[in-house]
Every structure is written in C-alpha cells, then in structure tokens.
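Residue numbers (full-length UniProt numbering): 1 to 81. Written out below as structure tokens is the structure these notes cover.
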Amino acid sequence: MSTLNMTLAGNRFRRRGRVEVDGLADLPVLILAISEVGARFSVADPAQVPGAFTLVIEPQQIRMACQTLRRSGDEVGVRFD
C-alpha cells in the first residue's frame, strides 16, 4: 500500500497543502478531494497555478508531482504524474 493510501483514507476531505514550483512553496491551497490518480483543491487565484508543479500535502509533507487538468471558479483539478 502506498504512503498516499495509508495516510489519506477516503477521497473527500479538507486538508491544507501548498503548490511548490522549483522547490519554492508559494501558494497555499485547501485540498477538497484526492484519489490515486489526482486531486481537486481550492486556491485564491487559480490563474497562479502553473501547468506542472508539486503539490505538498500537509501536515505529512507528502509531495506529489502534478499536471493541471482544469480550472473552474476557485478550484483546480490535477492528475498525479
């Protein structure tokens, strides 16, 4: 079982996280849902979320490489690489 599975049981929850680009954590997010293949989170300005980045899930500090799939309102949908 992966670290993600063991740590994040279920796919609907609210967990703080952040978008990290080139090792710099600069954009706080609220993770709304997560699965083995991706996640959905809310962010103050979705336009600031790049096409590729690392999502850091707190407080476990789990890092997941992501590709942005969609932006809708204040939410962003991503898939894990």
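Don't be surprised by glycine CBs; every beta carbon is placed ideally from N, CA and C. This structure is a prediction, so every number in the text was calculated from the model and none was measured.
*Quickly, what does DSSP pair Gly51 with across the bridge? List them, please.*
Per DSSP, none; premise fails for Gly51.
*By how many angstroms is the C-alpha of Phe13 removed from the C-alpha of Val78?*
16 angstroms
*Straight-line CA distance for Val29 to Glu58?*
10 angstroms
*Roughly how many whole angstroms lie between the Cα atoms of Glu36 and Leu69?*
15 angstroms
*Taking only the alpha-carbon atoms, compute the straight-line gap between Arg18 and Thr54 and give it to the nearest angstrom.*
Straight-line Cα distance between these residues: approximately 8 angstroms.
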